[in-house]
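Let me begin by presenting the structure, written as structure tokens, before commenting on it.
Here it is, written out as structure tokens:
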């Protein structure tokens, strides 16, 4: 009953070759190509008072080029700082010790990432060390809210869909936000 | 006792799966059967997978374009295509098509073997019917469904490229680069094929269990075919949720 004709074997062989070929093409053409299952990286820590929208696996960039990923985000149970662990590609193992880290946003509402600004020190951050200078994430909505309601500017909040750039004709209201 | 009966049927399915694993021995006859089954349930499923994938890619592109246009991000539609295909659509739809195309034929074949006493005859000749008839089909499904998912994704992405770049006018480089940036090899691409292997095994086990234990009549075979498609489809959808919950954070 084992009819292993050459045609059958050819059909199965063609199927397997085609399938594995398309698998390879897909892996190269449509993924980020990080095939290694254990990437060669080392850890750096950074403490922030506010991480905003930063999430694990967010990119770590120097000058816009990705050099690693956020490995995990934890909270210091005593000081209530968030401790962000960065997994940096081992190729970039000479990051100066006076490098500063900030949580930045790509575009107006884009993805958060950690931006590193290298310093000029000759000493180098060793694996597991902590980045000393950090800037927390900026909460855009909170900033807008503060600007609008804390009387920081002279302009009142726009009243009725007025979009002209001319200075407002109505005098500024005294204080408070009651309509 | 409907409840006890339900538990017993789960137990019977589990024992049957164990017997299939135990009967899988790499003999020459096993490989001969495996080759035949890969051809019958794998290679012969290619047309339906290719056409299905192409049309899913086309409609998914239209949907994504419409939804992302609201945010002025229509040129990033390939993010949706890449993630949606690899994470959910390609494994699930391939498995469902596979259930309809190959699962039904497995159940019908085994049901007819049961109805015509071939399974009993194999047993009388001291040939394990599970090793001869079921194990090759199971392993063929575990092997071929991931490969069919690769075909499905290829055709879906190619069709989506046609729709997005040629019809809707999205930039070619933008299409490929946003997809590459969004799809992670380890987190998105590999799980698709893990899922596919699980679904293939599930579909083949359900279909062969139902066919193997069919009533030995013509009607029993037809009932078994229907039951194979219904049960395997439902199990695939359930397992998909469980796997998604474990594989993706």
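Residue numbers (this note's numbering), protein chains in the order written: chain V, 5 to 183; chain R, 93 to 341. Beta carbons are placed, not taken as given, at the ideal position from N, Cα and C, and that holds for glycine.
Would you kindly check if the distance between the Cβ of residue j and the Cβ of residue i is under 8 Å?
i: residue 91/V; j: residue 115/V; result: no
i: residue 227/R; j: residue 324/R; result: no
i: residue 160/R; j: residue 169/R; result: yes
i: residue 204/R; j: residue 248/R; result: no
i: residue 117/V; j: residue 110/V; result: yes
i: residue 140/R; j: residue 189/R; result: yes
i: residue 36/V; j: residue 276/R; result: yes
i: residue 243/R; j: residue 34/V; result: no
i: residue 330/R; j: residue 171/R; result: no
i: residue 71/V; j: residue 82/V; result: no
i: residue 89/V; j: residue 47/V; result: yes
i: residue 85/V; j: residue 51/V; result: yes
i: residue 111/R; j: residue 234/R; result: no
i: residue 207/R; j: residue 133/R; result: no
i: residue 30/V; j: residue 245/R; result: yes
i: residue 303/R; j: residue 202/R; result: yes
i: residue 299/R; j: residue 238/R; result: no
i: residue 93/V; j: residue 45/V; result: yes
i: residue 100/V; j: residue 80/V; result: no
i: residue 183/R; j: residue 108/R; result: no
i: residue 141/V; j: residue 107/V; result: yes
Using beta carbons (cut-off 8 Å, strictly below), is residue i in contact with chain V?
i: residue 131/R; result: yes
i: residue 119/R; result: no
i: residue 245/R; result: yes
i: residue 179/R; result: no
i: residue 128/R; result: yes
i: residue 271/R; result: yes
i: residue 231/R; result: no
i: residue 220/R; result: no
i: residue 239/R; result: yes
i: residue 215/R; result: no
i: residue 257/R; result: no
i: residue 350/R; result: The structure shown does not extend to residue 350/R, since chain R spans only 93 to 341, so no value can be given for it.
i: residue 281/R; result: yes
i: residue 306/R; result: no
i: residue 278/R; result: yes
i: residue 242/R; result: yes
i: residue 275/R; result: yes
Using only the alpha-carbon positions, how far apart do residue i and residue j sit?
i: residue 179/V; j: residue 151/V; result: Confidence at residue 179/V is low in this model, with a pLDDT of 48, below 50, so the placement of that residue should be treated as unreliable; the coordinate-derived value is given next. One C-alpha to the other measures close to 14 Å.
i: residue 138/V; j: residue 129/V; result: 15 Å
i: residue 28/V; j: residue 240/R; result: 13 Å
i: residue 317/R; j: residue 187/R; result: 16 Å
i: residue 232/R; j: residue 120/V; result: 51 Å
i: residue 211/R; j: residue 327/R; result: 26 Å
i: residue 138/R; j: residue 339/R; result: 27 Å
i: residue 87/V; j: residue 39/V; result: 28 Å
i: residue 100/R; j: residue 209/R; result: 26 Å
i: residue 135/R; j: residue 105/V; result: 54 Å
i: residue 154/V; j: residue 56/V; result: 22 Å
i: residue 257/R; j: residue 280/R; result: 24 Å
i: residue 52/R; j: residue 252/R; result: A query on residue 52/R cannot be resolved here, the shown segment of chain R reaching from 93 to 341 and no further.
i: residue 13/V; j: residue 301/R; result: 28 Å
i: residue 163/R; j: residue 156/R; result: 11 Å
i: residue 230/R; j: residue 195/R; result: 10 Å
i: residue 143/R; j: residue 283/R; result: 23 Å
i: residue 216/R; j: residue 21/V; result: 39 Å
i: residue 236/R; j: residue 130/R; result: 7 Å
i: residue 312/R; j: residue 95/R; result: 24 Å
i: residue 259/R; j: residue 118/R; result: 50 Å
i: residue 169/V; j: residue 68/V; result: Unreliable positioning characterises residue 169/V in this predicted model, as indicated by a pLDDT of 46, which lies under 50. A coordinate reading is not provided.
Which residues share a DSSP beta bridge with residue i?
i: residue 52/V; result: 86/V
i: residue 134/V; result: 49/V
i: residue 73/V; result: 63/V and 91/V
i: residue 128/V; result: 100/V
i: residue 108/V; result: 117/V
i: residue 78/V; result: 87/V
i: residue 139/V; result: 106/V
Less than 8 Å between CB atoms is the rule here; does residue i satisfy it with respect to chain R?
i: residue 84/V; result: no
i: residue 6/V; result: Any reading at residue 6/V needs caution, since the residue's pLDDT is 46, under 50, leaving its predicted position unreliable; the model's value is listed next. Yes, contact with chain R.
i: residue 15/V; result: yes
i: residue 12/V; result: yes
i: residue 65/V; result: no
i: residue 173/V; result: Confidence in residue 173/V is poor, its pLDDT being 47 and thus under 50, which makes the residue's placement unreliable; the coordinate value appears in the next sentence. It does not: the Cβ of residue 173/V has no partner Cβ on chain R nearer than 8 Å.
Can you check whether the C-beta of residue i is within less than 8 Å of a C-beta belonging to chain C?
i: residue 249/R; result: As a matter of chain content, chain C is missing from the structure shown, whose protein chains are V and R.
Which residues of the stretch 19 to 43 of chain V have a Cβ closer than 8 Å to any Cβ of chain R? Give them in chain order. For the stretch 19 to 43 of chain V, which is checked against every Cβ of chain R, the residues closer than 8 Å are 19, 20, 22, 23, 24, 26, 27, 29, 30, 31, 33, 34, 35, 36, 37, 38, 39 and 41.
Using a Cβ cut-off of 7 Å, which residues of the stretch 79 to 104 of chain V contact any Cβ in chain R, in chain order? Cβ contacts with chain R come from no residue of the stretch 79 to 104 of chain V.
The stretch 134 to 157 of chain R: positions lying closer than 8 Å to chain V by Cβ: Answer in chain order: 134, 135 and 138.
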